[in-house]
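Residue 626 in the UniProt record's numbering sits at position 626 of the sequence shown, and the numbers go up by one each step. The block underneath contains the structure these notes are about, expressed in structure tokens.
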Amino acid sequence: MTFRGVGALKPLGAKMKSVETSSKGTSPQELSPAPQKQVSCEENFDQMMIDIQTMPVNQVIESALAKIMNVSNVVLWLVYENEKRFYSPTLSKSIPFEKSLVGYCYQMHLIQVTENQSSHSAYDEEFDSVGIPATNPVIIFPVTNRADKIIAIIELSRKEPIFTEQEQQIVSYYQSKFRIYSRYLFEKMPSLSTAKDLVGIDYLSKVVTKLESALCHFFNANYADFYLMKTKDKVFLHFEKNNDNPTIINEENLGVIGYALTENYIVNEPQLKAHKRYNENVDNYGDQSALIVPYVQEDGKVWGIALHGRVKTNGYTKLDENLLLSLAPFAVKSLSTSLHPPPDLPQLDDFEKRLAALLEIAQALSGVLDIETLIPTIMERACNLLHAERCSLFLVDKGKQSLVTHFQSGLDKALTIPLTRGIVGHTAITGNVVNIKDAYSDTRFDRTIDQTTGFRTVSLLTVPIYNNRGEITGVTEMINKLDGEGFTEDDVRMMHPFNVFCGTSLDNAKLYKASIDLTKQLRTLTKMSAVLGQGTQLTGVVEEILENARSIVSASRATLFIYDSNERITKQFANIGNEIKYGTMFADIVVNERETKIFSSMDIARLTSKNVLESAIEKLMSEPPPAEIFSSSNLSTRSSKSNLSFLSSSSDNNNSVAQQQNVNESICSIPLMDSSGIILGVMELECNWKIINEDMDILDCFAVFASVAIERANLKDIAEHGQVEIDLKHWLTESERDGYSVPQSFQLPQEVIDGFFTVNFDAPMWDGIGHFKVIFNIFHHFGVLQIFKVTNEKFFRFLTALRDKYKKVPYHNWRHAVDVTQFVTYELITSGYDKILSSFELYGLLVACLCHDANHDGFTNVYNVKAETPLGILFKNQSVMETHHCAIAIDIISKEETNIFASLNPAEYKKMWSLIINLILITDMAKHFTFLKEFNGLFDAGEWKPKENPQHFLMLMQMLLKCGDISNVSRPFELADKWCDVLCEEFFRQGDLEQAQGMNYTSDLNDRAHLDKPKSQIGFYTFVCLPLYQATAKAIPKLQVNVDQVNSNLAIWKKAQEDKKKAEEEEEARKKAAAEENKSQEEEKK
């Protein structure tokens, strides 16, 4: 996860002893990086954004800057504008605005660099020596929000050397980053419902109980405490749940809370007892984390709210600090009012009613979708809420850089004024709330509107409106408080949540209006339909679709990824707009989960940080342990019907993650599927705001067009060149086609290939092109392709033709053919017979494995004969399916392009086919018991001589193939059980057809409703499998391991049968007892 985009670093010219640069930081155009330092800075900032989720902001920033700048001292000073002080959470110190280099930096809004801080004209020994030696070189820079309001000052120092111009560029880089992400780092808003929970008037003990419950619930805290310091007489009070009279505490016994209140600073400690002012006699819960926030009332009283401990998580974050600061006024109002209730109607009661009214307003506004109706409704409700004479609403038109006015009365139509004009313009640009009692005394006030309407503005309150993307979309202007006293702080607190509702409602109304304009969008879709019908190249069609999709939702990027189902990888095909920052990470998730997803900025941060962690772990496992490992810190899911929900819970190009992440960034990824539901790719759009349902409706349409375009292009390629030609071009280079070595795309690590020679092989894990990789590497291991001069191209064509002949039935499919081939390979290597069989015999055995079930229809020979299918009629009284498999193999290998026996002379050709046909025909289970009887008779009579008798050697090879054909029973039980389920499904499929045709089941295994799985397997293992594996172990003793595994699996099936029988007996006994009980009760009634 990299937050790139504000520029990077470049070395400058000559050194400078002192410099002052703009507080906005260096622009992207001004910065061109020194590559190594750039990567370091970006990685450092990435880690900072990860750490900020779990650590206090001062610790994160100071630690990160100390590391990248190689300095010994870093101090983050937070700006407390109301108190006109700077405060350092790390040093637990505060200094006034008008003093020190920090204050000078704040006043000048400029970066300050000096070789010796004590020589600077603004140096103040009392304050500048706090944490920084007097003679050290320092660099101090302001941190601003997006409205260019300074919210913090950062001071860096070291003993030597002085700060270079390159380091000043690094500071400017971070200054720009902090400005972009200021809201994420420093500013958050509280929950309205929580604020309402904090307001109430009652007995003091009940209010304390209510406050503690609300705060603990909201912050997941274990405990909450409340304190009051009366500054005049230094009296400290502690408010407790079960006491209507607060407890007076001596100042010397106050510990950390007293220090926080007297110094007016926030304490945020992972463990309270680690604080230097900790007093074990006073400070409770020393082993737990603590967050203490002071709040100063207008009368000078300082209140303190302390949270202790945290459920499930460790410590409190900067977000928690901001939230508690925002909620403190509500809690303090309840405490102060309950401590000294007013003699008349309590003002708190009115405040609580107004909060309740806010919730009603939220409901009312949410139901209004017509913007022309909504705006007067907003203004009317605002006037009633704040008891104002008039309300004006100004909506921002960014395109025209203007404000469009809407009035409750006075004008018949809206006026348009420049965005920079008046107090309203100031709020629209900066986001600052302005509250003045005499508008005409403020030089910013624009009297034009008063002069136009004839209205006289006296008191004025302007509050910004934000949309759901965090942008200022308007300003509410409250005019003339009816009591003539001006608007209060309570009014300001009311307007913040009121404007949240306004922003949401205005967004909804705009979307409603947009839906009326859907006709325009449909014209675009019609245009897309025309493009699809023009026969344009796929690239051009896709780019046209992406451009229109990007335009519709004003996305910064639109990308189409193609999914290769054979390689199981996602690749970029086309991109419009900004460069891709995260590779195929999000597209891969959508491919795997097969549904549309909308990733919020938090999702992106979480997933990219998780990727950093996984990469670090992977590196740790494959290399010597590094010095340190990165640590990691809800996905929005949307169905095809545009239902969004949060999820509770990689790619080849994840290196591209090292770029900038926008706080409001969101990514929408839509899977593209063909008419059969197969994933073709992903259409992905990236926006700098939240993507909502209404956006998705139109994007779904574009996704359909993209799917159709890809599917048509694929079909066109197949029609022109054939699928095999396309696949050959994809998997084999021109130089590899005539070679015999494993093609580069099919090469695998040796440890993976070694897995092909074990009994633990799991064929489904290699579905798709993976099966070709397995077969190529097995044949290459035995060297048969080179010996028999079968080129890569010919073998690829043969495998493709054979694979395509296998039908998509549950069990007897291409996967089964690969599985059997692998198991026979395992048998050969385990037994050592790979050294005994000739290359000719090995080649024939492996080819027979691949072909032994070619074109199997999933039905048994018995069914084909009884049902009189064409195959049953054609091959009646012989091995129906096995003969058919031989015919299919002969048909494929007889074609020139797939003739893998082309190098054989006529005698060898006849001998090879004789071997393969005899191997395939023996897999007919009708011959199973006769075959075993013949072998056991020879072996028991001492006449088994495979080294001397070619027929006996053929029987040995047939045993290897027969074991491979039912190999599932001799694999570990987890695999055996999975294969059993697949085989049962094929039996059920035949049984369903038998029932539909009015036939009796040809086997009890075909009865879907009454199958006893353990019982059926016990019979199959005991009477079919074990005799075969035992006979094979007689002939090849080293394969006794297979007998042991079959017996092990059989024991598990027997245990399952016993457990099933026991459960049935217990159930029968329970029913019998219940029946007897019922009978007894009936007799008693009689």
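Glycine included, C-beta positions come from ideal geometry on N, C-alpha and C. Predicted, not measured: the structure shown is a model, and the values here were computed from it.
Buried or exposed (CB count within 10 angstroms, at least 16 for buried), residue i
i	result
Val302	buried
Ser121	exposed
Gly677	exposed
Lys1085	exposed
Gln451	exposed
Tyr440	exposed
Thr539	exposed
Thr420	exposed
Asp804	exposed
Thr733	exposed
Arg1070	exposed
Thr247	exposed
Asn760	exposed
Phe935	buried
Asp819	buried
Phe86	buried
Pro142	buried
Assigned secondary structure, residue i (DSSP; H/G/I helix, E/B strand, else coil)
i	result
Phe141	strand
Val731	The displayed chain sequence assigns Trp, not Val, to residue 731. The answer is helix: DSSP assigns Trp731 an H, G or I state.
Trp689	coil
Lys571	strand
residue 1098	Any property of residue 1098 remains undetermined from this structure, which presents the chain solely from 1 to 1086.
Leu291	strand
Ala703	helix
Val282	coil
Tyr863	helix
Asp397	strand
Lys93	strand
Ala388	strand
Met673	strand
Leu419	coil
Thr448	helix
Contact with chain C by residue i, beta-carbon distance below 9 angstroms
i	result
Lys1038	In the displayed structure, chain C is absent; only one protein chain is listed.
Residues near residue i in its chain [Cβ-Cβ closer than 6 angstroms; skip 5 each side]
i	result
His308	Asn222, Tyr223, Tyr285, Gln288 and Ala290
Asn813	Tyr806
Ile436	Asp442 and Leu460
Ile691	Ile598, Ser666 and Cys668
Sequence-distant residues of its chain with Cβ nearer than 8 angstroms to residue i (five each side left out)
i	result
Gln1030	Val1043
Glu1082	none
Arg1008	Phe988, Gly991 and Asp992
Asn279	Asn253, Leu254, Gly255 and Val256
Cβ-based neighbour list, residue i, same chain, cut-off 7 angstroms, excluding 5 preceding and 5 following
i	result
Ser118	Ala134 and Thr135
Pro810	Gly858, Val982, Glu985, Glu986 and Arg989
Gln241	Gln is not the amino acid found at residue 241; the sequence shown has Lys there. Cβ neighbours of Lys241 beyond the five flanking positions: Ser205, Val208, Thr209 and Glu212.
Glu1077	none
Per DSSP, the bridge partner or partners of residue i
i	result
Ile436	Leu460
Trp303	Leu228 and Tyr295
His308	Tyr223 and Ala290
Phe973	Partner(s): none; Phe973 has no beta bridge.
message = When you compare the stretch 786 to 801 with the stretch 986 to 1001, are there three or more beta-carbon pairs, one atom per stretch, that lie closer than 8 angstroms?
response = no
request  = Report yes or no: do three or more beta-carbon pairs, one from the stretch 852 to 865 and one from the stretch 913 to 926, lie closer than 8 angstroms?
outcome  = yes
ask   = So does the stretch 293 to 311 actually touch the stretch 254 to 268, counting three or more Cβ pairs closer than 8 angstroms?
value = yes
message = Could you check whether the stretch 884 to 899 touches the stretch 1009 to 1028, counting it as contact only if at least three pairs of C-beta atoms, one from each stretch, sit closer than 8 angstroms?
response = no
Cβ contact (3+ pairs, closer than 8 angstroms) linking the stretch 889 to 899 and the stretch 872 to 881 = no
task = Inspect the CB distances between the stretch 427 to 443 and the stretch 139 to 156 and report whether three or more fall short of 8 angstroms.
result = yes
request  = Flag this pair as touching only if the stretch 730 to 748 and the stretch 768 to 788 have three or more C-beta atom pairs under 8 angstroms; answer yes or no.
outcome  = yes
ask   = Between the stretch 454 to 463 and the stretch 679 to 687, are three or more C-beta pairs nearer than 8 angstroms?
value = no
query = So, do the stretch 694 to 707 and the stretch 778 to 790 have three or more beta carbon pairs nearer to each other than 8 angstroms?
reply = no
request  = Determine, using beta-carbon pairs with one atom in the stretch 1011 to 1023 and one in the stretch 837 to 850, whether at least three such pairs fall under 8 angstroms.
outcome  = no
ask   = Is the stretch 903 to 913 touching the stretch 862 to 875 in the sense that three or more CB pairs, one from each, lie closer than 8 angstroms?
value = no
Segment contact, 8 angstroms Cβ cut-off, at least three pairs: the stretch 956 to 969 with the stretch 749 to 758 = no
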